[in-house]
Each structure stands twice: as structure tokens, then as C-alpha cells.
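Number of protein chains: 2
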Amino acid sequence: MYLCIAGIPMNEKQLTTILNARSVKPTAMRLLVLDMLARQETAISLSDLEEQFDKVDKVTLYRTLKTFEQHKIIHSIDDGTGSAKYALCSEGCECNPGDLHVHFHCQLCKRTFCLTEYTIPAINLPHKFILKEMNMVLKGLCEDCSN
Amino acid sequence: MYLCIAGIPMNEKQLTTILNARSVKPTAMRLLVLDMLARQETAISLSDLEEQFDKVDKVTLYRTLKTFEQHKIIHSIDDGTGSAKYALCSEGCECNPGDLHVHFHCQLCKRTFCLTEYTIPAINLPHKFILKEMNMVLKGLCEDCSN
DNA sequence: AAAAAGTATGCAATCGATTTGCAAATTTAG
DNA sequence: CTAAATTTGCAAATCGATTGCATACTTTTT
Ligand SMILES: [Mn+2]
Ligand SMILES: [Mn+2]
Ligand SMILES: [Zn+2]
Ligand SMILES: [Zn+2]
Chain A
1 MYLCIAGIPM
11 NEKQLTTILN
21 ARSVKPTAMR
31 LLVLDMLARQ
41 ETAISLSDLE
51 EQFDKVDKVT
61 LYRTLKTFEQ
71 HKIIHSIDDG
81 TGSAKYALCS
91 EGCECNPGDL
101 HVHFHCQLCK
111 RTFCLTEYTI
121 PAINLPHKFI
131 LKEMNMVLKG
141 LCEDCSN
Chain B
1 MYLCIAGIPM
11 NEKQLTTILN
21 ARSVKPTAMR
31 LLVLDMLARQ
41 ETAISLSDLE
51 EQFDKVDKVT
61 LYRTLKTFEQ
71 HKIIHSIDDG
81 TGSAKYALCS
91 EGCECNPGDL
101 HVHFHCQLCK
111 RTFCLTEYTI
121 PAINLPHKFI
131 LKEMNMVLKG
141 LCEDCSN
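Those protein sequences? They're chains A and B, same order as listed.
Just so you know, we're using our numbering here: the first sequence kicks off at 1 and counts up by one.
Just so you know, we're using our numbering here: the second sequence kicks off at 1 and counts up by one.
This is the structure we're talking about:
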């Protein structure tokens, strides 16, 4: 499989362990959000995440995602659609250039996939250019939409 | 050189030729905008472009850039900063995945470079994924900022 | 246990880039 | 020259992202 998001729900103990491992206090809100993120098959936007809850404050959700991102529980994906997508990081991920994977955005179903098996190819930059971050997004039709 | 933008001014005849070649009517405004684009060493945002004129309507500028982009006179670059950058296409560019080059955004001086000599490496997508577009942005420090 | 300090949450408001609506000006076609 | 099509300018709307601030909740200190 090439998806970084298993879409497999975790129990509260597992969720708490993840937050603790990343030094983020496991509040009720954070456990709810992390649980919802773990259920996603593909990367999700703030707005889409909001819709998956009955009632939740979007700004709190926003700040929760920011906190998760800062602590490398999730990574944000700029797929060029104008709204950032978020997906769980794999265990021990440090989001370094060497760890980064390619993302794929389907122009038909609008889903954004983590291609975790596809590391971003290295580029030999011109002299004196120093690489700190990378983003590689492929767009087209996904497996479900290419027929 | 690895920059797609020469930063070398063109005369009005050359500018008109480019517009005609791409079936865009060479209005006064379009010649002015194309001229300004040709003078840039690096990709430029709508707001920065606006600032380079004494007095110009931003929406007209916006629509001019859209027209140029549709006719492949320029390409837009999503460097992840939140504001699109624009740069001249090379002659005969059709903006196909195979033609696309890597872009570099300097986190210090905030300039975005076209690395036209660096084509985006091909990725063998998973089965049934169809590629239509690509974007690869590297970030870090440019040659002027890495000391 | 109570008070104080630190952290998280909820709601209103702002910001900035992009996009749209529409009327006036300009260009092209008949 | 007149009518139609295109381009331009200004106002306003849209939308995602971000901030300010008051309230709620947790943790630490007395
Ligand atoms: Mn990912
Ligand atoms: Mn370029
Ligand atoms: Zn799809
Ligand atoms: Zn620089």
C-alpha cells in the first residue's frame, strides 16, 4: 500500500500514546480530532474535517491542527487547491527533506493522497543553493477515477 | 544559466511578436505588462507587479496575467507562500508535465526562481493513477543568501 | 484546599489573495 | 458610421487563514 493514512480507527489508549509521544497534552478535543484524522483514508482539509463533527469550533480545530503539525503528529499538504490538507505522519517522522513523500491530487474526486512509498527524488541544486524543504504534488486522475 | 527569466528587456516589436504568436491581442496594457514581466529576474506576484507600476488597476493586471497564463505566455507558480508567482514561459512552451521545471523559493530573500534546466523527475505512479500536472518546489536559501 | 498561574477553547473580527459584477471605454466588424 | 465584441477600471464579494480576547479548564504553588 502507498497510503500513509491507514483509515483504521485506534482506541483511546493508542491515541493518547501518540499525543504523549509527541509531548502534546491529550485533551478531550485533541483525542477527538486525532481519532477523526486516523479514520481518514486520504488527506483532509480543515473545512472537511469540521463537517465530520456534529458541532465543533473551526478555530479550535484550526489551532489543534497547528499544534499537531508543530509536534509532527500530522503534516500539512499544499496541493495547490487553495486549502491545506492534513494527514497523519508515520511513526517517528521528523518531516525532514529526506523523509518527504509525494502527494497526488485527483482532479475529479478532489481527494489528496499521501504516496508514502514514493519519496521525493533528490535534485542537485545549483551551486550555493541550500535545500531546507520540498513539496512535490502530482495531479491527475486517481485509481477510482481513471476509468 | 538556470533561470527561465532572462531579465533582459525586449523592444516593442519583440513583445508584440510574442503576443501575436500566442493569439493575444497586443493592447497597450498587455504590452506594458509583458514588458515588465520580461524585465524580472525572478518570478513575481500580482502585488509585487502592481508595485512596479506607477498606477495600474490590480484587477486588470490580474486578468492580464490570467489571459497570459491561458495562452501559455507565462506560467504560474505555487511556491507555497500563499501568493502565486508568475514567470515567462520559454518559447514554444506548452506547459506539459514533461516540459515542467523545478522552482526554488528562498526563505530569506523571498524570491522564487525558475530552475529551467532542472526538469521535474518522472515518478512511476501506482497502477491506474494518471498524471496530468505536476508541481515541484524546493525551498531553502538561494545563492545570494546562503553565506 | 484555595489562590495563582498557565493552557486550551469558543466566538467575533480581521487579513490578504483571489475572484466576480457591472458599467464605461476601446477596438473590431459590418 | 454604427453595432457588436472585447478590454479596462472600480466596487464588492468570496474564501481560507489568522488574530484578539474573554471564558473555561488544568496544573502548580502557597
Ligand atoms: Mn503525506
Ligand atoms: Mn518557472
Ligand atoms: Zn479520484
Ligand atoms: Zn535568497
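C-beta atoms are modelled at their ideal positions from N, C-alpha and C, and glycine is treated no differently.
For clarity, every value in this text was computed on a predicted model and none was experimentally measured.
- [ ] Measure the CB-CB distance between B:T42 and B:T112 and report whether it falls below 9 Å.
- [x] Contact annotation: B:T42 and B:T112 have beta-carbon atoms nearer than 9 Å.
TODO: Determine, using beta carbons only, whether B:E133 comes closer than 9 Å to chain A.
DONE: It does; some Cβ of chain A falls within 9 Å.
Task: N- and C-terminal bounds of the alpha helix (DSSP H) containing B:K66 - done: K58 to Q70 is the extent of the alpha helix (DSSP H) around B:K66.
Task: Classification of B:S146 by the beta-carbon crowding that lies within 10 angstroms, buried from 16 upward - done: By the neighbour-count rule (16 or more Cβ atoms within 10 Å), B:S146 is not buried but exposed.
Task: Rounded straight-line distance, which links the Cα of B:V33 to that of A:E150 - done: With chain A covering 1 to 147 only, the question about residue 150 of chain A has no answer from this structure.
- [ ] State the start and end residues of the unbroken alpha helix (DSSP H) segment that holds B:A21.
- [x] First-last of the alpha helix (DSSP H) with B:A21: E12 to A21.
Open item on the list: Determine whether the beta carbon atoms of A:T116 and A:H105 lie at a separation below 9 Å.
Closed with: Cβ distance not < 9 Å, so A:T116 and A:H105 don't count as in contact.
- [ ] Out of B:D79, B:Q40, B:E69 and B:T119, state which residue places its alpha-carbon closest to the alpha-carbon of B:I8.
- [x] Minimum Cα-Cα distance from B:I8 among the listed residues B:D79, B:Q40, B:E69 and B:T119 corresponds to B:Q40.
Task: CA nearest to the CA of A:M136, picked from A:S90, A:I74 and A:D99 - done: If we check each option's Cα against that of A:M136, A:D99 comes out closest.
- [ ] May I ask you to check if the CB of A:C142 is nearer than 8 Å to at least one heavy atom of ligand 3?
- [x] Yes, the beta carbon of A:C142 sits closer than 8 Å to at least one heavy atom of ligand 3.
TODO: Taking A:A87 as part of the beta strand (DSSP E), name the residues at either end of that continuous run.
DONE: Boundaries of the beta strand (DSSP E) around A:A87: K85 to L88.
- [ ] Return the chain-ordered ranges of every beta strand (DSSP E) run that is complete within the stretch 72-120 of chain B and spans a minimum of 3 residues.
- [x] Runs found: 74-77, 85-88, 101-106 and 112-119.
- [ ] Note down, in chain order, each residue of its chain lying with its Cβ closer than 6 Å to the Cβ of B:K58, except the 5 sequence neighbours on either side.
- [x] Around B:K58, the same chain offers E50 as residues with beta carbons nearer than 6 Å, after the five sequence neighbours per side are excluded.
- [ ] Compute the minimum distance between the beta carbon of A:L108 and the heavy atoms of ligand 3, and state whether it is under 8 Å.
- [x] Checking the Cβ of A:L108 against ligand 3 gives yes.
Task: DSSP three-state assignment for B:C145, whether helix, strand or coil - done: Of the three classes helix, strand and coil, the one that applies to B:C145 here is coil, per DSSP.
Task: Inter-residue spacing [alpha-carbon to alpha-carbon] between A:E12 and A:D79 - done: If I take the Cα positions, the gap works out to 31 Å.
Task: Cα-Cα separation, A:K25 to B:E69 - done: Straight through space, the alpha carbons of B:E69 and A:K25 are spaced by roughly 47 Å.
Task: Sequence-distant residues of its chain with Cβ nearer than 8 Å to A:L125 (five each side left out) - done: Excluding its 5 nearest sequence neighbours in each direction, A:L125 has C-beta neighbours in its own chain below 8 Å: L131, listed in chain order.
Task: Any C-beta of chain B under 9 Å from that of A:S47 - done: It does not: the Cβ of A:S47 has no partner Cβ on chain B nearer than 9 Å.
TODO: Report back the beta-carbon spacing between A:L46 and A:L61 to the nearest angstrom; my notes put them in contact at under 8 Å.
DONE: Indeed they touch by this definition, with Cβ atoms about 6 Å apart.
TODO: With a threshold of 16 other CB atoms inside 10 Å of the CB of A:G140, please say whether the residue is buried or exposed.
DONE: Buried.
TODO: Step through the CB atoms of chain B and report whether any lies within less than 9 Å of the CB of A:H127.
DONE: Cβ-Cβ to chain B under 9 Å: yes for A:H127.
Task: Residues within the stretch 56-70 of chain B neighbouring chain A, beta-carbon criterion of under 9 Å - done: Answer in chain order: no residues at all.
- [ ] Please list the residues of the stretch 69-90 of chain A that have a C-beta atom closer than 8 Å to any C-beta atom in chain B, keeping them in chain order.
- [x] Correct list: D78 and G80.
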